[in-house]
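Here my numbering is used: the first residue of the sequence shown is 116, the next is one more, and so on.
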Amino acid sequence: MTPFSKVLVANRGEIAVRIFRTLRELGIGTVAVYSEVDRGSLHVAAADEAYLVGPGPPAESYLNQERVLAAAERAGAEAVHPGYGFLAENASFARAVGRAGLVWIGPPADAIEAMGSKTAAREQMNAAGVPIVPGTTEPVSSAMDVVRLGDELGWPLAIKAAAGGGGKGLKVVAGPDEAERALESARREGEAYFADPSVYVERYLEDPRHVEVQVLADAHGNVIHLGERDCTIQRRHQKLVEETPSPAVGDELRRRIGEIAVEAARAVRYRSAGTIEGLLSREGEYFFLEMNTRIQVEHTVTELATGLDLVREQVLIAAGEPLSLRQGDVRFAGHAIECRINAEDPSNGFLPSPGRITSYREPAGPGVRVDSGVAAGSVVPELYDPLLAKLIVHDVDREHARRRMLRALEEFEIGGITTLVGFHRALLEHPCFVGGTTCHGIVESEELATEAEQLSHRTTTVATASDGAVQPRVQAVELDGRRFEVSALVPEPPYAELARRRRERTGGSAHGAAKDAVVTPMQGTVLVVEVSDGDEVHAGQVICIVEAMKMENEITAHRDGVVTDLSVEPGQAVTTGQIVCVVSQAET
Ligand code: MV4
Numbered sequence: 116m117t118p119f120s121k122v123l124v125a126n127r128g129e130i131a132v133r134i135f136r137t138l139r140e141l142g143i144g145t146v147a148v149y150s151e152v153d154r155g156s157l158h159v160a161a162a163d164e165a166y167l168v169g170p171g172p173p174a175e176s177y178l179n180q181e182r183v184l185a186a187a188e189r190a191g192a193e194a195v196h197p198g199y200g201f202l203a204e205n206a207s208f209a210r211a212v213g214r215a216g217l218v219w220i221g222p223p224a225d226a227i228e229a230m231g232s233k234t235a236a237r238e239q240m241n242a243a244g245v246p247i248v249p250g251t252t253e254p255v256s257s258a259m260d261v262v263r264l265g266d267e268l269g270w271p272l273a274i275k276a277a278a279g280g281g282g283k284g285l286k287v288v289a290g291p292d293e294a295e296r297a298l299e300s301a302r303r304e305g306e307a308y309f310a311d312p313s314v315y316v317e318r319y320l321e322d323p324r325h326v327e328v329q330v331l332a333d334a335h336g337n338v339i340h341l342g343e344r345d346c347t348i349q350r351r352h353q354k355l356v357e358e359t360p361s362p363a364v365g366d367e368l369r370r371r372i373g374e375i376a377v378e379a380a381r382a383v384r385y386r387s388a389g390t391i392e393g394l395l396s397r398e399g400e401y402f403f404l405e406m407n408t409r410i411q412v413e414h415t416v417t418e419l420a421t422g423l424d425l426v427r428e429q430v431l432i433a434a435g436e437p438l439s440l441r442q443g444d445v446r447f448a449g450h451a452i453e454c455r456i457n458a459e460d461p462s463n464g465f466l467p468s469p470g471r472i473t474s475y476r477e478p479a480g481p482g483v484r485v486d487s488g489v490a491a492g493s494v495v496p497e498l499y500d501p502l503l504a505k506l507i508v509h510d511v512d513r514e515h516a517r518r519r520m521l522r523a524l525e526e527f528e529i530g531g532i533t534t535l536v537g538f539h540r541a542l543l544e545h546p547c548f549v550g551g552t553t554c555h556g557i558v559e560s561e562e563l564a565t566e567a568e569q570l571s572h573r574t575t576t577v578a579t580a581s582d583g584a585v586q587p588r589v590q591a592v593e594l595d596g597r598r599f600e601v602s603a604l605v606p607e608p609p610y611a612e613l614a615r616r617r618r619e620r621t622g623g624s625a626h627g628a629a630k631d632a633v634v635t636p637m638q639g640t641v642l643v644v645e646v647s648d649g650d651e652v653h654a655g656q657v658i659c660i661v662e663a664m665k666m667e668n669e670i671t672a673h674r675d676g677v678v679t680d681l682s683v684e685p686g687q688a689v690t691t692g693q694i695v696c697v698v699s700q701a702e703t
């Protein structure tokens with residue numbers, strides 16, 4: 116007896132493929148949606164049926180509610196799973212799914228809404244007795260209020276976007292004289308990113324760990340927790356490595372934060388899989404940050420440590436079934452680590468590295484799991500999340516898991532584009548990770564980037580050389596917006612190998628000349644320029660602020676020196692890699 120005959124997954128990439136796997140095990144038919152740039156993507160091939168929902172940009176495809184719902188109707192799907200991102204935490208879409216007579220495989224729209232406003236969430240959690248980071252539960256709008264709060268709570272402070280989440284809009288305020296600037300910047304970012312300039316204030320915790328608790332709640336009032344995940348290793352609020360158990364959490368603390376998480380879920384009448392995100396201070400205090408009302412990227416480490424399938428639980432909960440286990444039945448075994456394999460270049464400010472994957476081989480063997488959205492020949496488009504695949508390992512304890520991860524990373528071969536494989540190899544060898552510390556600052560360091568580059572060069576060379584003379588090619592025909600496919604083995608054209616070698620030669624040699632140049636790491640618009648020609652600057656000093664994808668990015672000097680050739684001004688559009696100015700060695 117299957118809970119649904121067919122489920123549409125309103126997502127792409129690795130998470131769509133991941134969800135299809137569980138659906139297949141449950142005997143449920145799988146329906147994909149895809150954009151024009153995703154015609155050849157793995158998630159499309161992995162589903163029983165696939166429907167075109169528009170051109171490339173997310174707003175015109177995966178975020179287009181009407182088209183996604185039309186595809187569900189056309190396919191005769193009974194339920195919709197949103198994955199993460201896109202429409203996953205969109206309460207109005209969750210309601211629209213219900214109105215269309217479909218089952219939403221996710222939390223109630225009211226719970227999504229309640230957790231969407233970070234100030235409202237803090238208010239609710241506080242009322243439910245869940246500890247929150249000391250600060251306001253109301254928006255703050257004047258610099259004077261910020262100064263008063265700093266004097267009351269102690270400096271430094273954190274200013275955060277009320278409509279935000281995941282650290283977007285987070286500004287650290289060291290003291291009263293920075294209040295005005297930080298407040299304005301946080302408000303601008305909130306407005307740009309969430310169309311809401313409201314911000315609130317928290318005490319800033321130094322060197323905290325990001326520790327989150329997985330919960331499951333069914334429609335019968337059962338709520339359990341599945342332990343914590345430690346996601347402290349992040350860059351610009353993007354998680355890079357996650358693990359369970361946390362190196363900083365023992366049995367007693369686990370029980371306590373587990374209870375906090377269950378309380379929090381009950382307080383919003385939660386249902387489905389959800390995550391209570393929190394900060395663990397150096398002193399061992401735990402504070403609620405926010406609740407993520409979706410399946411998360413890093414759910415996999417919890418799956419390996421508990422032996423559960425969280426997507427299966429989500430599907431069964433949505434079908435009205437009770438949880439498959441009680442709190443007392445949850446068993447944690449060993450240690451699991453996940454590395455996010457992004458198409459990004461760590462030696463170039465984690466610049467996206469889209470393009471064609473020319474060769475691809477996944478690691479395997481004991482305790483290794485790969486959740487991937489790509490294969491050899493895949494084109495990684497620029498428009499979406501850079502996450503290609505997740506490499507997850509499990510072993511008896513942290514040190515064994517770490518070594519297993521290093522072994523698996525060595526086996527992972529991804530040719531044609533730059534990925535974080537080399538970065539993770541360098542990071543997992545670093546004493547900061549070996550010692551289970553927060554690694555704050557190390558992730559961004561030059562040292563790690565350099566090592567990562569060396570390690571990844573070794574693998575790409577091998578990868579390119581082993582590329583075969585035959586390419587598997589999925590040839591798709593689209594009839595009235597529905598996809599049918601034939602697959603064929605197509606011989607590589609005779610010039611392909613030459614073209615590849617030329618690309619390698621020219622791609623690798625463009626450095627050197629621009630050593631002193633400060634370049635924009637992304638396409639965007641210059642908001643503020645903080646220096647003038649002739650200024651002496653120190654390494655790390657802000658040169659200008661570039662708004663990209665509605666986030667403000669500080670472009671900083673990479674060295675001490677003197678600014679020359681300043682070539683940007685406020686309001687100017689800049690492209691990726693455009694020279695902002697030159698910082699050359701000061702004359703002594
Ligand atoms: C904080 C903080 C310090 N104090 N809030 C929020 C979302 C997450 N992505 C980062 N966030 C932080 N919120 C207060 N009141 C520091 C961070 C933070 C962080 C926390 C844990 C692990 C890594 C981090 C990296 C940057 C910022």
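Just so it is clear, CB atoms sit at the ideal spot from N, CA and C, and this is done for glycine as well.
| query | result |
| --- | --- |
| Extent of the continuous beta strand (DSSP E) run through G265 | Counting along the chain, G265 falls outside any beta strand (DSSP E), though it belongs to the alpha helix (DSSP H) covering 258 to 268. |
| Coil, strand or helix - D582 by DSSP | At D582 the pLDDT is 49, less than 50, meaning the model places this residue with poor confidence and gives no usable figure here. |
| Collapsed DSSP secondary structure at G336 in the structure displayed | coil |
| Member of F447, L320, E418 whose CA lies at the smallest distance from the CA of R370 | F447 |
| Distance CB(F403)-CB(I391) smaller than 8 Å | yes |
| Spatial distance of R598 from L423 (CA atoms) | 34 Å |
| With 16 other Cβ atoms within 10 Å as the buried cut-off, status of N126 | buried |
| C-beta atoms of L425 and N337 nearer than 8 Å | no |
| For F119, the three-state DSSP class (helix, strand or coil) | coil |
| Cutoff 6 Å; reference E181; Cβ partners in own chain excluding five residues on either side | none |
| Candidates L521, S468, E526, E477, of which the one nearest L498 by Cα | S468 |
| Beta-carbon gap between I529 and I472 smaller than 8 Å | yes |
| Enclosing alpha helix (DSSP H) for R427 [first to last residue] | 425 to 433 |
| Rounded straight-line distance, which links the Cα of A701 to that of A672 | 13 Å |
| P323: CB within 7 Å of a non-hydrogen atom of the ligand MV4 | yes |
| Cut-off 8 Å between Cβ atoms - residues of its own chain near Q429, not counting five sequence neighbours on either side | H196, I220, G221, S387, A388, I410 |
| Of the listed residues R519, L138, Q442, nearest to A479 (C-alpha basis) | R519 |
| Any non-hydrogen atom of the ligand MV4 closer than 7 Å to E317 Cβ | yes |
| Simplified DSSP assignment, three categories, for G686 | coil |
| Cβ pair V634, P685 closer than 8 Å | no |
| For T574, three-class secondary structure by DSSP | Because the pLDDT of T574 is 42, which lies under 50, any placement of that residue in the model is unreliable, and the question is left without a value. |
| Residue ranges of each alpha helix (DSSP H) within the segment 448 to 527, 4 or longer | 513 to 526 |
| Cβ pair A591, E405 closer than 8 Å | no |
| Start-end ranges of the alpha helix (DSSP H) lying completely within the segment 293 to 359, minimum 4 residues | 294 to 309 |
| G281 CB to nearest heavy atom of the ligand FMN below 7 Å | The ligand FMN is not part of the structure shown, which contains the ligand MV4 as its ligands. |
| Contact belief for V314 with A289 at Cβ below 8 Å, rounded distance in angstroms | With a Cβ gap of about 17 Å, V314 and A289 do not count as contacting. |
| Any non-hydrogen atom of the ligand MV4 closer than 7 Å to V248 Cβ | yes |
| Terminal residues of the alpha helix (DSSP H) in which L419 lies | 414 to 421 |
| S256 to E667 span [Cα, whole Å] | 19 Å |
| Backbone secondary structure at S439 - three-state DSSP | coil |
| Beta-carbon proximity check, C346 vs E327, cutoff 8 Å | yes |
| V657 versus S647, K665, A663, residue with shortest Cα-Cα distance | S647 |
| DSSP state of F201 mapped onto helix, strand, coil | coil |
| Coil, strand or helix - V132 by DSSP | helix |
| CB of V495 within 8 Å of CB of I532, strictly | yes |
| Near the ligand MV4: H545 beta-carbon under 7 Å from a heavy atom | no |
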